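Q: Here it is: the structure, laid out below.
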Amino acid sequence: MRRIGILGVGELTEKIIIGIFNHNPMARIYLSPRNFVKAQRLASQYPCEIMPDNQAVVDKSDVVIIGVRPESVATLASEVTLQPEQTLVSLVAGMPISKIQTLFSHSQCIRAMLTYAAEHNSTTVVVAPRNDDVEALFAPLGELVSLQTEAEFELATVSMCMNGWYYFLANEMQQWLESNGLKPEHARALVVGNLRDCAAYATQNAPHSLKSLGESIATSGTYTDQGRIMLEQSGAFEAWKQASERILSQLKAQK
Numbered sequence: 002m003r004r005i006g007i008l009g010v011g012e013l014t015e016k017i018i019i020g021i022f023n024h025n026p027m028a029r030i031y032l033s034p035r036n037f038v039k040a041q042r043l044a045s046q047y048p049c050e051i052m053p054d055n056q057a058v059v060d061k062s063d064v065v066i067i068g069v070r071p072e073s074v075a076t077l078a079s080e081v082t083l084q085p086e087q088t089l090v091s092l093v094a095g096m097p098i099s100k101i102q103t104l105f106s107h108s109q110c111i112r113a114m115l116t117y118a119a120e121h122n123s124t125t126v127v128v129a130p131r132n133d134d135v136e137a138l139f140a141p142l143g144e145l146v147s148l149q150t151e152a153e154f155e156l157a158t159v160s161m162c163m164n165g166w167y168y169f170l171a172n173e174m175q176q177w178l179e180s181n182g183l184k185p186e187h188a189r190a191l192v193v194g195n196l197r198d199c200a201a202y203a204t205q206n207a208p209h210s211l212k213s214l215g216e217s218i219a220t221s222g223t224y225t226d227q228g229r230i231m232l233e234q235s236g237a238f239e240a241w242k243q244a245s246e247r248i249l250s251q252l253k254a255q256k
């Protein structure tokens, strides 16, 4: 059983920890004292251990996961020394492996990306480059997408931003439904249900393109098609592309 160290107990790492214990109640996880209140709450609910400092976490672990903000990475790196056989997994958005390797003076570095759905073992897990140990660790948290290059990982980062954008899009629809008379709980159920139904149907029909699935629903003359035309004419789809291009350009600038 791989021993897991967490440097930076934040919102995402909390969800990862819960997902790991959901899959394996006997997991061995060691937490840094950063964000002590959250770490203490986790330690009271799951058999993980809060260590006195970051180096103590590293010393206990086979796989070390860093989940701090980019501006905190250099300070964190100055506080710890890893052994050559240890694997360092970075959840730090936008920071290339080369920089992680330089800061930590460590060659065995992997980038990973997940969503908050890790808490329910239903997230998409993106890993680059491919690594058997890291993939085995994260696979129980959801659907694994293993990439080889950072260029691919940057594109995946843009797609994961979309995960957050969906909430705002869904909120707009929920608010519109409520403003036209639906109760909040009914509006929310309808919006979330439609997102779930779309994902489920697309998953079950993987051989078909997403466009073809949409066209099978939004057939000519239907209300769905009329709405699609309005969205396209108003630039809604183009706006998503522009947002994606902007994020990708910022990620490339980090190199």
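My numbering applies: residue 2 is where the sequence shown begins, and numbers increase by one.
Don't be surprised by glycine CBs; every beta carbon is placed ideally from N, CA and C.
Just so you know, these numbers come straight off a predicted model, no measurement behind them.
1) Between I19, M96, S73, which lies nearest to R155 when the distance is taken from Cα to Cα?
2) Start and end of the beta strand (DSSP E) containing M114?
3) Are G20 and N164 touching if we call contact CB-CB under 8 Å?
4) Does the Cβ-Cβ distance between V159 and L92 come in under 8 Å?
5) Leaving out the 5 sequence neighbours to the left and right, which residues in its chain are closer than 7 Å to M174 when beta-carbon positions are compared?
6) Tell whether a beta-carbon distance below 8 Å holds between Y31 and I7.
7) Report yes if the CB atom of P34 is closer than 8 Å to the CB atom of A28, and no otherwise.
8) Please identify the residue among P208, E120, A219 whose C-alpha is closest to the C-alpha of T14.
9) Suppose only complete runs of 3+ residues qualify. What are the beta strand (DSSP E) ranges in the stretch 122 to 172, listed by chain order?
10) Starting from V58, trace the alpha helix (DSSP H) both ways and give me its first and last residue.
11) Nearest-angstrom Cα distance between A254 and H107?
12) Rounded to whole angstroms, what is the Cα-Cα separation between D134 and H187?
13) Beta-carbon within less than 7 Å of R189's beta-carbon, same chain only, minus the 5 sequence neighbours each way: which residues are those?
14) Check for me: the beta strand (DSSP E) holding G215 runs from which residue to which?
15) When burial is assigned at 16 or more other CB atoms within 10 Å of the CB, is M52 buried or exposed?
16) What residues are listed by DSSP as bridge partners for E50?
17) When you compare each of Q56, T88, A57, G9 to R3 by their alpha carbons, which one comes out closest?
18) Excluding sequence positions up to five away, which residues of its chain have a Cβ less than 8 Å from the Cβ of L183?
19) Report the three-state DSSP secondary structure of R197 (helix, strand or coil).
20) Nearest-angstrom Cα distance between E144 and S221?
21) Are A65 and L83 close, meaning C-beta to C-beta below 8 Å?
22) If you reduce the DSSP assignment to three classes, tell me which class T88 lands in.
23) Among H209, R197, A152, which has the Cα closest to the Cα of A171?
24) Does DSSP put L8 in a helix, a strand or coil?
A: Inspection of the coordinates gives the following:
1) In the sequence shown, the residue the question calls residue 155 occupies position 154. Note that residue 155 is Glu in the sequence shown, not Arg. Comparing Cα positions, the closest option is M96.
2) Indexing the sequence shown from 1 puts residue 114 at position 113. Where M114 is concerned, the enclosing beta strand (DSSP E) stretches over 110 to 114.
3) In the sequence shown, counting from the first residue as 1, residue 20 sits at position 19. In the sequence shown, counting from the first residue as 1, residue 164 sits at position 163. No.
4) Start at 1 with the first residue of the sequence shown, and residue 159 comes out as number 158. Start at 1 with the first residue of the sequence shown, and residue 92 comes out as number 91. No, the pair does not count as a contact, with Cβ atoms beyond the cut-off.
5) What you label residue 174 is simply residue 173 of the sequence shown in a count that begins at 1. Taken in chain order, the residues that qualify are V192.
6) Taking the first residue of the sequence shown as position 1, residue 31 is located at position 30. Taking the first residue of the sequence shown as position 1, residue 7 is located at position 6. Contact flag set, yes.
7) As a working mapping, residue 34 is identified with position 33 in the sequence shown. As a working mapping, residue 28 is identified with position 27 in the sequence shown. Contact flag unset, no.
8) If you number the sequence shown from 1, residue 14 lands on position 13. For the residues P208, E120, A219, the minimum Cα distance to T14 belongs to E120.
9) 124 to 129, 143 to 147
10) Position 57 of the sequence shown, counting from 1, holds the residue named residue 58. Run containing V58: 55 to 61, per the alpha helix (DSSP H) assignment.
11) As a working note, residue 254 is residue 253 in the sequence shown. As a working note, residue 107 is residue 106 in the sequence shown. Looking at the two C-alpha atoms, the distance is approximately 23 Å.
12) Taking the first residue of the sequence shown as 1, we reach residue 134 at position 133. Taking the first residue of the sequence shown as 1, we reach residue 187 at position 186. When rounded, the distance between both Cα atoms is 43 Å.
13) In the sequence shown, counting from the first residue as 1, residue 189 sits at position 188. Once the five neighbours on either side are set aside, the close Cβ partners of R189 are Q175.
14) For the purposes of this step, residue 215 is taken as the residue at position 214 of the sequence shown. Segment 211 to 218 is the alpha helix (DSSP H) holding G215; no beta strand (DSSP E) there.
15) In the sequence shown, the residue the question calls residue 52 occupies position 51. Buried, by the Cβ-count rule.
16) The residue you call residue 50 lines up with position 49 of the sequence shown. DSSP output for E50 lists Y31 as bridge partner(s).
17) The residue you call residue 3 lines up with position 2 of the sequence shown. For R3, the nearest C-alpha among the options comes from T88.
18) Looking up residue 183 in the sequence shown gives position 182. Excluding sequence neighbours, L183 sits near L191.
19) Taking the sequence shown and counting its residues from 1, one reaches residue 197 at position 196. Note: R197 maps to helix in three-state DSSP.
20) Along the sequence shown, read from residue 1 onward, the residue named residue 144 stands at position 143. Along the sequence shown, read from residue 1 onward, the residue named residue 221 stands at position 220. Roughly 35 Å between the two C-alpha positions.
21) As a first step, residue 65 must be located in the sequence shown, where it is residue number 64. As a first step, residue 83 must be located in the sequence shown, where it is residue number 82. Note on residue identity: the sequence assigns Val, not Ala, to residue 65. For V65 and L83, yes; Cβs fall inside 8 Å.
22) Reading the sequence shown from its first residue, position 87 is the one you call residue 88. T88 falls in the strand class under three-state DSSP.
23) Stepping through the sequence shown from its first residue, residue 171 is reached at position 170. Comparing Cα-Cα distances from A171 to each of H209, R197, A152, the minimum goes to R197.
24) As a first step, residue 8 must be located in the sequence shown, where it is residue number 7. Residue state, collapsed to three classes: strand.
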